[in-house]
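Please read the structure below before turning to the comments.
Numbering (the working numbering), first residue to last: 64 to 227.
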């Protein structure tokens, strides 16, 4: 009798352990089996398209400023000021020159649209940031003190290097 009770106990324990193993495996596998694949980013949100759009906007801004030397000189002077003074100087400049603000807004519109569509933050130049800060376009504003990066044509935006 003793050996049969032990055999029954071992058999029941084995079935219990097997059930736990099967249930545990099912609990782990079920969520994985039902998982949806990661969404494929839309073609306009690829790194190459973001880089191309940002580069094109920066190049268009450069061409605009070359074609408008007075505006180029004014914005260059403003950009050399410390950040708080520059921000208010940009706002004053764009308030006094609404045509310039409208033309630069049109230049940066593709970048703004890309940011809204793709949820990325891309600031091509300090002038672009100033136009956006003037309230015409409202993309996500980077943290104060970050330096906008203009990538080389066809190159993705590089991550910021940590500063200590």
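In this text, a Cβ means the ideal position worked out from N, Cα and C, and glycines have one as well.
Pick from the options that is closest to residue i, judged by C-alpha positions
{"i": "residue 134", "options": "197, 67, 190", "result": "190"}
{"i": "residue 107", "options": "194, 139, 177", "result": "177"}
{"i": "residue 183", "options": "168, 67, 112, 69", "result": "112"}
{"i": "residue 131", "options": "158, 166, 67", "result": "166"}
Per-residue DSSP class, three states only, for residue i
{"i": "residue 169", "result": "helix"}
{"i": "residue 136", "result": "helix"}
{"i": "residue 106", "result": "helix"}
{"i": "residue 115", "result": "helix"}
{"i": "residue 143", "result": "coil"}
{"i": "residue 175", "result": "helix"}
{"i": "residue 123", "result": "helix"}
{"i": "residue 195", "result": "helix"}
{"i": "residue 67", "result": "helix"}
Continuous alpha helix (DSSP H) stretch holding residue i: start and end
{"i": "residue 187", "result": "Run containing residue 187: none; DSSP gives neither H nor E here."}
{"i": "residue 146", "result": "146–159"}
Same chain, Cβ closer than 7 Å to residue i, five either side skipped, listed in chain order
{"i": "residue 137", "result": "156"}
{"i": "residue 144", "result": "152"}
Same chain, Cβ closer than 6 Å to residue i, five either side skipped, listed in chain order
{"i": "residue 193", "result": "153"}
{"i": "residue 163", "result": "134"}
8 Å Cβ shell around residue i - same chain, five flanking residues per side excluded
{"i": "residue 148", "result": "none"}
{"i": "residue 294", "result": "This structure gives no information on residue 294, because the portion of the chain shown stretches from 64 to 227."}
{"i": "residue 181", "result": "104, 105, 107, 108, 113"}
### Message
Below 8 Å, how does it come out for the stretch 110–130 and the stretch 168–175: are there three or more Cβ pairs, yes or no?
### Response
yes
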